[in-house]
Amino acid sequence: MTTIWTGLAIGAVYALVAVGYNITMAQSGIFNFTQGQVMVFGCFFAWFTMVDLNLPWWGAAVAGAVVCGLIGLLVELLAVRPVVARHGAHGHALLVTTVGAFVIILGALAATWGRTPKSLPFFGGSETVTLLGGKLSPVDLWLVAIAVVTALAMHLVSGRTSWGLSGRAATDNPDAAKAKGVNVTALRTTAFMLAGALGGLLGPVLAPKVGVSVSIGVSLTIYGFVALALGGFGSYLGCLVGGAAVGLVQASAGRYFGAEYPPLILFGLLVLILLVKPTGLFGHRGLRVV
Amino acid sequence: MSTRQRLSALALDTPAPAIAAFVLVALLPLFGLAGHWQQQLALIAIYTLICSGLNLSFGYAGELALGQVAVFASGAYISAILYQHGFTDILGGFAVAVCLAAVTGLLTGIPGLRLSRWALALVSFFYVLLVPELLKLFESETGGTAGLAGILAPTFFGWPLGTTGFYVVAVVVTLLWMLLQRNLIVSRFGQFLRILSASPTLTESLGGSVYRLRVQAYVIGALPAGLAGVLYTYLTGFVSPEAFTLHLLIALLAATVVGGAASVWGAPVGAAILVLGPLQLKSFEEYSTLAYGVFLVVIGTAFSGGLAGLARKLRDRVLPRPGPQGAGDGESAADLSIPGTRMVVAGVEKSFAGLRALSGVDLTVEPGTIAAIIGPNGAGKTTLLNLVSGLLPADTGRVELAGRELTGLRAHQVSRLGVGRTFQTPVDLGSMSVLEVVESGRFRKGNLGSLSAILRLPKYHRVREADRKAAVAALSFAGLEHAAAQDAASLPLGTRRLLEVVRSVAGEPSVLLLDEPAAGLDDSELRELGMLMRRIRDAGGTVVLVEHNVPFVMDVADQVFAMELGRVIAAGPPEVVRRDQRVIDSYLGRRGRREPADHELDPRTT
Chain Z
1 MTTIWTGLAI
11 GAVYALVAVG
21 YNITMAQSGI
31 FNFTQGQVMV
41 FGCFFAWFTM
51 VDLNLPWWGA
61 AVAGAVVCGL
71 IGLLVELLAV
81 RPVVARHGAH
91 GHALLVTTVG
101 AFVIILGALA
111 ATWGRTPKSL
121 PFFGGSETVT
131 LLGGKLSPVD
141 LWLVAIAVVT
151 ALAMHLVSGR
161 TSWGLSGRAA
171 TDNPDAAKAK
181 GVNVTALRTT
191 AFMLAGALGG
201 LLGPVLAPKV
211 GVSVSIGVSL
221 TIYGFVALAL
231 GGFGSYLGCL
241 VGGAAVGLVQ
251 ASAGRYFGAE
261 YPPLILFGLL
271 VLILLVKPTG
281 LFGHRGLRVV
Chain G
1 MSTRQRLSAL
11 ALDTPAPAIA
21 AFVLVALLPL
31 FGLAGHWQQQ
41 LALIAIYTLI
51 CSGLNLSFGY
61 AGELALGQVA
71 VFASGAYISA
81 ILYQHGFTDI
91 LGGFAVAVCL
101 AAVTGLLTGI
111 PGLRLSRWAL
121 ALVSFFYVLL
131 VPELLKLFES
141 ETGGTAGLAG
151 ILAPTFFGWP
161 LGTTGFYVVA
171 VVVTLLWMLL
181 QRNLIVSRFG
191 QFLRILSASP
201 TLTESLGGSV
211 YRLRVQAYVI
221 GALPAGLAGV
231 LYTYLTGFVS
241 PEAFTLHLLI
251 ALLAATVVGG
261 AASVWGAPVG
271 AAILVLGPLQ
281 LKSFEEYSTL
291 AYGVFLVVIG
301 TAFSGGLAGL
311 ARKLRDRVLP
321 RPGPQGAGDG
331 ESAADLSIPG
341 TRMVVAGVEK
351 SFAGLRALSG
361 VDLTVEPGTI
371 AAIIGPNGAG
381 KTTLLNLVSG
391 LLPADTGRVE
401 LAGRELTGLR
411 AHQVSRLGVG
421 RTFQTPVDLG
431 SMSVLEVVES
441 GRFRKGNLGS
451 LSAILRLPKY
461 HRVREADRKA
471 AVAALSFAGL
481 EHAAAQDAAS
491 LPLGTRRLLE
501 VVRSVAGEPS
511 VLLLDEPAAG
521 LDDSELRELG
531 MLMRRIRDAG
541 GTVVLVEHNV
551 PFVMDVADQV
561 FAMELGRVIA
571 AGPPEVVRRD
581 QRVIDSYLGR
591 RGRREPADHE
601 LDPRTT
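Chains Z and G, in that order, give the protein sequences. In case it helps, my numbering puts the first sequence at residues 1 to 290. In case it helps, my numbering puts the second sequence at residues 1 to 606.
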């Protein structure tokens with residue numbers, strides 16, 4: 001049972017990364033390579049504000065949301081907008097500029113706060129609780145709850161608000177959406193800001209779980225993508241399921257086979273899902289272009 | 001040709017200067033190049049190999065391969081493991097590493113490339129996480145985190161290879177790879193990749209399987225990284241997981257785009273900057289990641305050609321390119337045969353999300369005729385063309401070409417069976433010349449011939465010669481031979497639309513589908529288009545035209561099909577269709593009742 005709780009807790013982290021990916025995918029059709037790295041920035045920033053500046057956790061969360069929202073804005077303005085203007089939203093030039101933005105955030109973190117890992121204790125305590133026969137810490141409970149609430153909220157936002165609905169129109173057919181008066185650029189910018197702000201807001205909860213270190217960006221980026229691919233591109237609830245699946249596989253493979261196996265098994269899972277069901281379990285819109 | 005022209009052609013159109021430079025570098029030890037510098041240059045050669053692989057998959061095919069460092073690691077480790085087992089021959093190491101690289105590439109390429117470009121980037125990025133775990137898993141062979149040491153003195157056909165010998169091998173192997181890659185880039189395959197990065201749809205309609213091209217480019221791009229791995233092991237004598245990090249991947253990506261991603265010879269420049277540049281200095285170490293990121297963003301947004309792109313622009317300004325030989329050498333239009341076949345469309349239906357776009361279309365087009373499809377917007381004309389050319393699957397119904405069923409085939413297969421088509425908006429193909437664009441229309445005939453192109457076998461020259469002749473003939477068909485050497489993108493829009501037709505003609509299609517070729521043409525261009533279409537018909541072609549310019553249609557077509565709401569409502573010779581009451585009511589309106597004199601009248605002015 002403890003393994004299941006561990007899996008669900010780390011799965012919640014991946015689900016949150018996937019939700020972040022999905023926001024820009026759903027609103028602009030662009031894959032935001034920087035999402036995982038922005039979340040790492042959120043962790044560093046939470047550490048900085050709570051340990052160095054002694055801010056309360058909610059103050060750190062708000063400050064993190066503002067700063068990471070601005071990072072999202074900068075990524076969109078500097079690495080996405082000029083490329084979309086020149087080559088359109090589906091050219092390969094975007095690949096290199098978003099990877100570049102990922103690298104810049106990584107480099108900035110390493111240059112400012114160094115490569116030695118830091119740690120941030122969870123503000124809600126660290127005494128483990130026993131639930132249904134398994135042990136888990138308060139931060140795990142928080143993460144699972146936050147992931148569920150966030151995914152549900154985004155699901156409702158995308159289906160019920162005009163912002164979410166215009167996003168669907170804009171990704172289905174940008175030209176038609178433009179002709180109907182949808183501001184495609186504004187949708188994209190707000191999506192990047194929202195995804196960034198989400199990453200920053202979560203800093204105080206994420207940092208105690210995943211650690212404060214530049215080396216976690218890659219695994220967040222990749223496992224978040226596996227969660228998205230499993231759950232289905234375009235589906236917020238799918239992110240939740242995908243995240244949980246990745247977390248459970250990781251925890252149980254690590255427990256029963258050894259620490260080297262989870263990445264291999266998850267890689268196999270990703271390859272399998274892309275080959276067998278490219279839309280993911282709940283995706284309605286494939287990423288298929290061929 | 002004067003000597004000067006010949007010299008400039010040698011310098012600009014062949015890799016002769018690069019070969020000379022590489023040979024010079026390989027000979028440097030004779031002039032007393034010190035050991036340290038030999039090592040630095042060998043490292044440049046290693047990075048050149050990796051960057052040139054990235055050039056192929058990213059620069060040309062538009063696929064970002066983030067697993068390149070993992071392939072590099074696989075090459076390094078496999079040669080180290082072979083060495084431990086007593087197989088010290090460097091050529092054997094190369095062979096095994098190349099095979100391993102191909103497998104590694106296929107493993108990420110096949111699933112990753114079925115989806116968007118993002119998926120491949122992420123799936124291949126996964127290797128960054130996998131490499132350390134795999135090395136730990138096979139610790140008995142790989143030495144785990146400690147790595148393998150003492151892998152020195154490889155052999156070459158049994159002869160021990162000294163430091164200088166190794167240096168020469170590294171430079172020569174790199175040069176050989178670069179030459180092979182250069183040959184591949186200028187072949188049909190390379191041209192296809194350039195088209196692919198501009199438009200997958202166009203690639204399919206020219207007979208190239210987008211999926212297969214992507215996988216091939218990606219896998220071939222992985223091969224040099226395997227070679228580089230072998231060289232790296234023997235250069236350092238030591239491999240450990242610490243050598244194959246995200247940081248190296250980032251640095252190599254940056255070197256690739258700085259050198260110029262869509263160029264063959266940008267790779268050594270980028271690699272040299274990486275090895276010799278200031279970012280290797282200790283004082284810059286902390287900021288190097290940041291700097292690489294800035295390079296990626298700035299070059300990606302502003303100078304997508306990198307240094308090679310700048311050099312190309314400079315060269316084109318200083319030395320205008322000589323025109324292709326053979327252009328306008330009095331090839332006559334008669335050289336081009338267009339063996340048209342009968343096309344039958346029967347009972348074709350198609351719905352989009354419940355909306356019926358085509359509800360049972362039947363039409364037959366005979367060879368040697370021009371058939372026009374007219375009708376209001378939304379009548380289903382372009383949908384019909386897309387169905388015939390395989391870009392969309394039909395819900396029911398058949399499409400046949402000379403009795404052969406096309407239904408259910410993919411667009412590239414349909415194209416290879418002889419269906420040529422043009423699009424409403426010509427795709428911008430960057431720096432391709434008019435002649436190259438027209439030659440690409442020939443690619444659907446025969447296979448890509450990549451192997452004969454890489455090795456420059458006689459067959460390659462024969463096919464190239466035939467392509468060039470047919471392209472020149474097709475150009476002269478439309479009176480465009482004078483523009484052969486120009487960049488296609490520099491032509492006015494009207495000429496580019498004609499060029500679309502010419503490209504299809506060069507492929508000697510059994511059926512030619514034209515999607516609104518007359519839109520936006522001025523009167524003289526319209527006359528040229530009409531003349532070109534009649535010549536195609538007279539040469540035996542089957543021409544199907546979708547067009548809104550009614551006077552033009554009535555003038556040029558032998559057979560007119562009027563469509564409305566997904567159905568053919570009238571068919572027959574132009575004079576019959578133009579008097580059909582339903583056609584007049586639904587589409588022609590006032591224009592239809594006018595007397596034939598209105599064919600000089602452009603509908604846009606009415």
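Note that CB positions come from ideal geometry on N, CA and C, so glycine has one too.
Residue environment, residue i, which counts as buried when at least 16 other CB atoms sit within 10 Å
| i | result |
| --- | --- |
| G:Ala-466 | exposed |
| Z:Asp-299 | With chain Z running from 1 to 290 in the structure shown, residue 299 of chain Z is simply not present. |
| G:Pro-17 | exposed |
| Z:His-92 | buried |
| Z:Tyr-14 | buried |
| Z:Lys-135 | exposed |
| G:Trp-177 | buried |
| G:Arg-404 | exposed |
DSSP-derived helix/strand/coil call for residue i
| i | result |
| --- | --- |
| G:Pro-573 | coil |
| G:Pro-154 | coil |
| G:Arg-444 | coil |
| G:Thr-542 | strand |
| G:Ala-660 | There is simply no residue 660 of chain G to check, as chain G begins at 1 and stops at 606 in what is shown. |
| Z:Ser-300 | Lying outside 1 to 290, the shown extent of chain Z, residue 300 of chain Z is not represented and no answer is given. |
| G:Arg-567 | strand |
| G:Gly-380 | coil |
| G:Thr-364 | strand |
| G:Leu-588 | helix |
| G:Ile-487 | Reading off the sequence, residue 487 of chain G comes out as Asp, not Ile. Here G:Asp-487 sits in strand by DSSP. |
| G:Glu-400 | strand |
| Z:Thr-189 | helix |
For residue i, the residue or residues it bridges with in DSSP
| i | result |
| --- | --- |
| G:Pro-160 | G:Thr-155 |
| G:Gly-420 | G:Leu-512 |
| G:Ser-359 | G:Glu-349 |
| G:Phe-189 | Paired residues: none, contrary to the question. |
| G:Ser-433 | G:Asp-487 |
Whole-angstrom distance between residue j and residue i, CA atom to CA atom
| i | j | result |
| --- | --- | --- |
| G:Gln-68 | G:Leu-249 | 7 Å |
| G:Ser-626 | G:Leu-491 | Residue 626 of chain G falls outside the range modelled here, since chain G spans only 1 to 606, and no answer is possible. |
| G:Gly-62 | Z:Thr-6 | 39 Å |
| Z:Val-241 | G:Gln-191 | 43 Å |
| G:Met-563 | Z:Ala-169 | 29 Å |
| G:Leu-499 | G:Met-531 | 14 Å |
| G:Asn-386 | G:Gly-420 | 12 Å |
| G:Leu-27 | G:Leu-33 | 9 Å |
| G:Thr-382 | Z:Gln-27 | 29 Å |
| Z:Tyr-261 | Z:Thr-34 | 26 Å |
| Z:Gly-64 | Z:Phe-45 | 6 Å |
| G:Tyr-460 | G:Arg-444 | 15 Å |
| G:Ile-78 | G:Leu-310 | 39 Å |
| G:Lys-313 | G:Gln-486 | 14 Å |
| G:Leu-288 | G:Arg-496 | This sequence places Ser at residue 288 of chain G; Leu is not what is there. The straight-line gap from Cα to Cα measures roughly 45 Å. |
| Z:Gly-88 | Z:Asn-22 | 20 Å |
| Z:Thr-279 | G:Pro-111 | 12 Å |
Give the residues from the segment 132-151 of chain Z that approach chain G closer than 9 Å (Cβ to any Cβ), ordered along the chain. Per Cβ criterion, the list is empty.
Report the residues of the segment 86-114 of chain G with a CB closer than 9 Å to any CB of chain Z, ordered along the chain. Leu-107, Thr-108, Ile-110, Pro-111, Gly-112, Leu-113 and Arg-114
Taking a cut of 7 Å between CB atoms, which residues from the segment 104-115 of chain Z lie near chain G? Ile-104, Leu-106, Gly-107, Ala-108, Ala-110 and Ala-111
Give, in chain order, every residue of the segment 162-174 of chain Z whose Cβ lies closer than 9 Å to some Cβ of chain G. none
Note down, in chain order, all residues in the segment 244-267 of chain Z with a beta-carbon under 7 Å from any beta-carbon belonging to chain G. Glu-260, Pro-263, Leu-264 and Phe-267
For the segment 131-150 of chain G, which residues have a CB atom closer than 8 Å to at least one CB atom of chain Z, in sequence order? Glu-133, Leu-134, Lys-136 and Leu-137
Any residues in the segment 284-306 of chain G with a beta carbon nearer than 9 Å to a beta carbon of chain Z? Which ones, in chain order? Glu-286, Tyr-287, Ser-288, Thr-289, Leu-290, Ala-291, Tyr-292, Gly-293, Val-294, Phe-295, Leu-296, Val-297, Val-298, Ile-299, Gly-300, Thr-301, Ala-302 and Ser-304
In chain order, what residues of the segment 222-236 of chain Z put their CB closer than 7 Å to some CB of chain G? Ile-222 and Phe-225
For the segment 57-69 of chain G, list every residue whose C-beta sits within 8 Å of some C-beta in chain Z, in sequence order. Cβ contacts with chain Z: Phe-58, Gly-62, Glu-63, Leu-64 and Leu-66.
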